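Here the structure is laid out as structure tokens; the discussion comes afterwards.
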Amino acid sequence: MSFALSKPGRFIGALTADLKTIAYRLAAAMVICVILTFASDAFLTTNNLLNVLRQASLLFLLASGLTLVILTAGLDLSVGANIGLSACIAASVMKLSGSALLGAASGVGVGMCIGVANGLLVALMRMPPFIATYGMLWVVHGITFWYMAGTTIYGFPSAFRALGSGYFLGVPIPVYLMFVFLTLGAFFAQRTTYGQEIYAIGANRESARLSGVPIARRLILVYTVSGAMAGLASLVFLARMNSAEGDIGEAFTLPAIAAVLIGGTSLFGGVGTVSGTLVGALILTLVLNGMNLLTLDASWQPLVTGVIVILAVFLDTLTRKRAEARK
Amino acid sequence: MNQDTVPLLELRGISKTFPGVKALDDVSFSVYPGEVHMLIGENGAGKSSLMKVLCGAYTADAGQFYSKGEPVDIRSPADARKFGIAVIFQEFSLVPYLDIAQNIFLGREFRGSIPGIIDHARMHSEARKILDLLGLELSTRTLVHELGVAQQQMVEIAKALSQHARILVMDEPTAALSDRETERLFAMIRQLQAEGVAIIYISHRMAEVFAMGDRITVLRDGKKVGSKLPGEATPDELVRMMVGRNVDMTYARSFGTSEGEMILEVKNLHAVNGIKGISLNVRRGEIVGLSGLVGAGRTEVARAIFGADKVTAGEIRLFGKLHQGAPDKAVRAGIALIPESRKAEGLALIRTVCDNLMLPGLGKAFPNRLYKASKARKIARELIDRLRISTPSSFRAVQVLSGGNQQKVVIGKWLSSDSKFFIVDEPTRGIDVGAKAEIFALIDELVRQGVGVLMISSELSEIVHVCDRAYVMRDGRIAGHLAREELSEENILRMGMHHE
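Heads up: the protein sequence lines correspond to chains A and B, in order. Take the first sequence: its letters are residues 1 to 327, numbered as in the numbering used here. Take the second sequence: its letters are residues 1001 to 1500, numbered as in the numbering used here.
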């Protein structure tokens, strides 16, 4: 029965399906690094590498919450719009109150509220996540445009700005944030029963429901987390840009989804990891960084992103099919 | 009825085997023009298989078809259509947001003079002709989803007739109809009969078997038991022909004698899924059967008790305490549901054996919500050993296990959560004989440890051999209760079928 333990090879083979997925991706990231090292002198410099990490960190913060949503076989298309509104409200509160802390709290708060609204639509109104969050995208954009009325808010206290552009021990602050939330996210997904239930919901919602998992509460939770993470990402972005306008955030949604998919999380739910998403964000950032260094026209970036997503998902399907065929 | 003419369709010696099951065994069967041929038998007797062979969905392993006396092959739905056979299933195949005419001619639309253009005018006029033939006054432009069940059934019949069907196969056509609708359907059947259409009619209702049938054929265990004319048989005689399957149950339990503590008490339960006034109880140490024919509402009772479908009236008491609420509350209260569909409702197939086994018991094993993979694995391994689940390791995805082992995982997951009351719905569906015995041994062991079990099964012999007593359902209600000594397939069928 449990002869697995007597065969270490099989033990590892079975235990580490997720780790394997991550290892493949890390290897791919390494290959990209090696190629770029040879292709450009500017790549393997401390400055550039830290730059890559900083860019990846913003993407990861947004994509980490999204990963939890996608693990439940859901989707959150409103994260980009969420960044826009959260950043503008945070900026405005900071200006009015003069308090960086109050501003930051309101940014995360707004993000969270949008997440709760998404969660209620999906869990209680039983709307398909795609539609609920797609609608929310427009609603939130609308509110932001109305609120900002074409104005720009800029110039924030340096304590706040450090969140986006400061350094600690020579490493950008957002990179620390990335690793903190990687730890928290991975812990939540792998080491709590909530995480287990979230995977179960994504793998088979009906069987999870009939096994006593409170589906509605768990769904509201993941959408809330996704919203809050968007709020947090908005702060990092705001601190870096030092200005807020109505349309910031629009460009974030699709890259965040790309990072999750490249990271090996299945849109069908139940399969994937937060750590994978980090590697996904890194791969995406590395490639775009490489294109910059090689002075390739920026208009090629969407095409390259698309190719990577399709390639990553295709390879996943291929390896999964092969694994099934072996069984 | 002209018995002397050549049968419109004749089957001789039809057999069909699936791995582990002989679904049809040397069945011969014929139907004449203008005849209503009733087909009866208990669940799993082979009625559906026969129907699928007739419509070309299954290919028979052996046997020969004759159309108007000529030997023919039916190997595909297209063949079946060619010989004028049309099947009206219980689940309609209509497209809800297309209109009646579009549904009737779906896939066979009339082409206009311009390529790619559908001749709507002709389609509607042809559809009108068929509806008039059937005496239906509906507009051909009515969307199907606006129709009632009976009317949708009429559209199905119209569709069959438009394909020049001479042989209509109907699977329990009155199951979802009101009395008035049933009358209209019968009138239509008589009209079709007068026009020489042959009708093969599968029924669970004794009254209509005698009211409408020109001939009655009884199937049991994939074999034809016999054919009778309505005049020469009584309902009791037919029931006796239907039961008596050769049971190959190596398993027998010692039935409880002492009356245990009351675990579940349901009073006058109504639910949105159509069950009405259900009252039943289960005591500690008992396996109580919930029997009845397919569609009688057994699974619906299970779902209502478990909170998966909404209860509208009545009460559920668990250990004397009032219980209501969603499945998560039911699980915390100690109710376990082993659902009818293992793959759709019982398991997360892509997840591991360990993950599946642990799911309902996560709260019990990790009260502080911190999940430890090592502890989960230890519990899972104990369950794997205890239930003798054959899997290379606890990390294997459940989808690679055999049906019997998957079913053990579905049962095992409730052992991790310390459940006190088990609802098992068709626990042996799709698993082989050896695994069946193991599943029953497992249920028996649970009962001896003091849980209560409500067991739903379509296999009457299972109910008879395994249960301490049983309730029999019909049309969403409890039709009767059978104590251990009254428990027989005949008595269950008599209660579960419609006859006065």
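The beta carbon of each residue, even a glycine, is placed where N, CA and C say it ideally should be. Quick caveat: nothing in here was measured; it's all calculated off a predicted structure.
Throw me the rounded Cβ distance for the residue i and residue j pair, which I believe falls under 8 Å.
i: B/Ile1088; j: B/Leu1054; result: B/Ile1088 to B/Leu1054, Cβ: 12 Å. No contact.
i: A/Thr285; j: A/Val52; result: 5 Å
i: B/Ile1104; j: B/Ser1162; result: 5 Å
i: B/Thr1339; j: A/Leu101; result: As written in the sequence, residue 1339 of chain B is Pro, which differs from the Thr given in the question. The pair is not a contact, with the Cβ atoms about 51 Å apart (cut-off 8 Å).
i: B/Lys1223; j: B/Asp1026; result: 7 Å
i: B/Val1409; j: B/Val1398; result: 6 Å
i: A/Gly65; j: A/Ala230; result: 7 Å
i: A/Val213; j: A/Glu197; result: 5 Å
Thinking just about the alpha-carbon of each residue, which of the options is nearest to the one in residue i?
i: B/Leu1008; options: B/Leu1415, B/Ala1165, B/Leu1359, B/Phe1018; result: B/Ala1165
i: A/Asn48; options: A/Gly276, A/Ala208, A/Val313, A/Pro172; result: A/Pro172
i: B/Asp1425; options: B/Glu1237, B/Gln1399, B/Val1453, B/Arg1184; result: B/Val1453
i: B/Glu1462; options: B/Leu1094, B/Ile1189, B/Leu1487; result: B/Leu1487
i: A/Ile215; options: A/Arg126, A/Leu59, A/Val108; result: A/Arg126
i: B/Arg1381; options: B/Asn1356, B/Gly1476, B/Gln1102, B/Glu1315; result: B/Asn1356
i: B/Glu1172; options: B/Gln1090, B/Val1155, B/Arg1108; result: B/Gln1090
i: A/Phe179; options: A/Tyr134, A/Asp247, A/Leu58, A/Gly263; result: A/Leu58
i: B/Lys1436; options: B/Ile1199, B/Lys1159, B/Ile1411, B/Ala1207; result: B/Ile1411
i: B/Ile1130; options: B/Ala1160, B/Gly1148, B/Arg1108, B/Ile1014; result: B/Ala1160
i: B/Val1218; options: B/Val1197, B/Arg1240, B/Ala1207, B/Ala1198; result: B/Arg1240
i: B/Ala1045; options: B/Glu1156, B/Val1095, B/His1204, B/Asp1079; result: B/His1204
i: B/Val1225; options: B/Leu1460, B/Phe1395, B/Leu1024, B/Pro1427; result: B/Leu1024
i: A/Ala203; options: B/Leu1168, B/Ile1275, B/Asp1119, B/Leu1349; result: B/Leu1349
i: B/Arg1253; options: B/Ile1157, B/Ile1443, B/Leu1460; result: B/Ile1443
Taking Cβ positions, are residue i and residue j nearer each other than 8 Å?
i: A/Ala23; j: A/Thr277; result: no
i: B/Phe1422; j: B/Val1464; result: no
i: B/Ser1279; j: B/Ile1335; result: no
i: A/Tyr223; j: A/Val122; result: yes
i: A/Leu177; j: A/Val236; result: yes
i: B/Glu1042; j: B/Met1242; result: yes
i: B/Phe1255; j: B/Asp1468; result: yes
i: B/Leu1134; j: B/Met1188; result: yes
i: B/Lys1310; j: B/Val1266; result: no
i: A/Leu238; j: A/Gly164; result: yes
i: B/Met1359; j: B/Lys1413; result: The sequence shown places Leu at residue 1359 of chain B, rather than the Met named in the question. Yes.
i: B/Leu1136; j: B/Met1123; result: no
i: A/Thr193; j: B/Gly1346; result: no
i: A/Ala87; j: A/Gly107; result: yes
i: A/Ala244; j: A/Ala259; result: no
Would you kindly work out how many angstroms separate the C-alpha atoms of residue i and residue j, rounded to a whole number?
i: B/Ile1307; j: B/Phe1440; result: In the sequence on display, residue 1307 of chain B carries Gly and not Ile. Computed Cα separation, rounded: 26 Å.
i: B/Asp1328; j: B/Leu1264; result: 17 Å
i: B/Lys1016; j: B/Glu1010; result: 16 Å
i: A/Ile257; j: A/Ala228; result: 16 Å
i: A/Ser266; j: A/Arg320; result: 11 Å
i: A/Asp18; j: A/Thr273; result: 7 Å
i: B/Leu1039; j: B/Leu1050; result: 10 Å
i: A/Ala90; j: A/Leu296; result: 36 Å
i: B/Gly1496; j: B/Phe1083; result: 36 Å
i: B/Ile1379; j: B/Thr1352; result: 14 Å
i: B/Glu1070; j: B/Gln1151; result: 36 Å
i: A/Met148; j: A/Ser92; result: 9 Å
i: A/Ala329; j: A/Phe188; result: The first residue shown for chain A is 1 and the last is 327, placing residue 329 of chain A beyond what the model contains.
i: B/Ile1478; j: B/Leu1106; result: 41 Å
i: B/Arg1484; j: B/Phe1065; result: 45 Å
i: B/Met1001; j: B/Leu1192; result: Because B/Met1001 sits at a pLDDT of 44, beneath the cut-off of 50, its placement in the model cannot be relied upon, and the point is left open.
i: A/Ala4; j: B/Ser1390; result: Interpretation of A/Ala4 is limited by its pLDDT of 37, a score under 50 that renders its predicted location unreliable; the figure taken from the coordinates is listed afterwards. Cα to Cα, the separation comes out at about 12 Å.
i: A/Asp76; j: B/Glu1259; result: 55 Å
i: B/Asn1246; j: B/Lys1343; result: For B/Asn1246, the predicted structure reports a pLDDT of 47, less than 50, and the residue's modelled location is therefore unreliable. A value from the coordinates is still provided. Whole-angstrom Cα-Cα distance: 29 Å.
i: A/Arg218; j: B/Thr1182; result: 46 Å
i: A/Val304; j: A/Leu261; result: 14 Å
i: A/Gly263; j: A/Phe38; result: 25 Å
i: B/Ala1127; j: B/Gly1034; result: 23 Å
i: A/Leu85; j: B/Ala1373; result: 40 Å
i: B/Pro1077; j: B/Gly1325; result: 46 Å
i: B/His1270; j: B/Arg1494; result: 24 Å
i: B/Pro1427; j: B/Asp1061; result: 29 Å
- Task: Assess, as a yes-or-no matter, whether the region 1283-1291 of chain B is touched by the region 1431-1450 of chain B under the definition of 3 or more beta carbon pairs within less than 8 Å.
- Result: yes
- Task: Give a yes or no on contact between the region 1375-1387 of chain B and the region 1312-1325 of chain B, applying the rule of three or more CB pairs nearer than 8 Å.
- Result: no
- Task: Assess, as a yes-or-no matter, whether the region 244-259 of chain A is touched by the region 77-90 of chain A under the definition of 3 or more beta carbon pairs within less than 8 Å.
- Result: Three or more beta-carbon pairs separated by less than 8 Å link the region 77-90 of chain A to the region 244-259 of chain A, which places the two stretches in contact.
- Task: Count the C-beta pairs between the region 1093-1103 of chain B and the region 1139-1155 of chain B that are closer than 8 Å, then say yes if the count reaches three, no if not.
- Result: They touch, by the three-pair rule.
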